[in-house]
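Chemist: I have a structure I would like to understand better, so I am pasting it below and will then ask my questions one at a time.
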Amino acid sequence: MVEIIGGYGMNKQELIATVADSSGLVRGDAVKAVDAVFEAITAALKKGDEVRLVGFGTFSVSKRKASTGRNPRTGEPMTIKASSQPKFKPGKLLKDSVN
Numbered sequence: 001m002v003e004i005i006g007g008y009g010m011n012k013q014e015l016i017a018t019v020a021d022s023s024g025l026v027r028g029d030a031v032k033a034v035d036a037v038f039e040a041i042t043a044a045l046k047k048g049d050e051v052r053l054v055g056f057g058t059f060s061v062s063k064r065k066a067s068t069g070r071n072p073r074t075g076e077p078m079t080i081k082a083s084s085q086p087k088f089k090p091g092k093l094l095k096d097s098v099n
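What the sequence shown shows, in UniProt numbering, is residues 1 to 99, in sequence order.
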């Protein structure tokens, strides 16, 4: 079981420390492992692929269409350009583990 340090959440350095502790890796190797996972997910999303981790969740890219919004200061209409956003959908095991 992972203990959250400080009670506010987990940052990257705490994730690396947890990976090192739970896997027996030295810290330097844990850094490489965590970075490699992040880089692999990022590279797949850049290509437009999904990353499915059964039980954990799915990383994907959501396409947002261009739309019209309003400038909050002036109220003038403005165009919001189309963009791609990373998206994460938790899997059943992850959802069940937090409930």
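We put the CB at the ideal spot given by N, CA and C, even for glycine.
For I16, count neighbouring C-beta atoms within 10 Å of its own C-beta (all shown protein chains included) and say buried if the count is 16 or more, exposed if not.
Modeler: Taking the sequence shown and counting its residues from 1, one reaches residue 16 at position 16. Burial call: buried.
Chemist: Indicate the three-state DSSP secondary structure (helix, strand or coil) for L25 in the structure shown.
Modeler: Counting from 1 along the sequence shown, the entry for residue 25 is found at position 25. L25 falls in the coil class under three-state DSSP.
Chemist: Is it the case that the region 72-80 contacts the region 43-50, given that we only count it when at least three CB pairs across the two stretches are under 8 Å?
Modeler: No: fewer than three Cβ pairs fall under 8 Å.
Chemist: So, is A30 buried or exposed, given that buried needs 16 or more other C-beta atoms within 10 angstroms?
Modeler: Taking the first residue of the sequence shown as position 1, residue 30 is located at position 30. With 16 or more Cβ atoms within 10 Å of its Cβ, A30 is classed as buried.
Chemist: Go to K87, then tell me how far its alpha helix (DSSP H) extends in each direction, as first and last residue.
Modeler: Here the question's residue 87 lines up with position 87 in the sequence shown. Counting along the chain, K87 falls outside any alpha helix (DSSP H), though it belongs to the beta strand (DSSP E) covering S83 to P90.
Chemist: Are the Cβ atoms of L94 and G55 separated by less than 8 Å?
Modeler: Numbered from 1 along the sequence shown, position 94 holds the residue referred to as residue 94. Numbered from 1 along the sequence shown, position 55 holds the residue referred to as residue 55. In contact: L94 and G55 (Cβ atoms closer than 8 Å).
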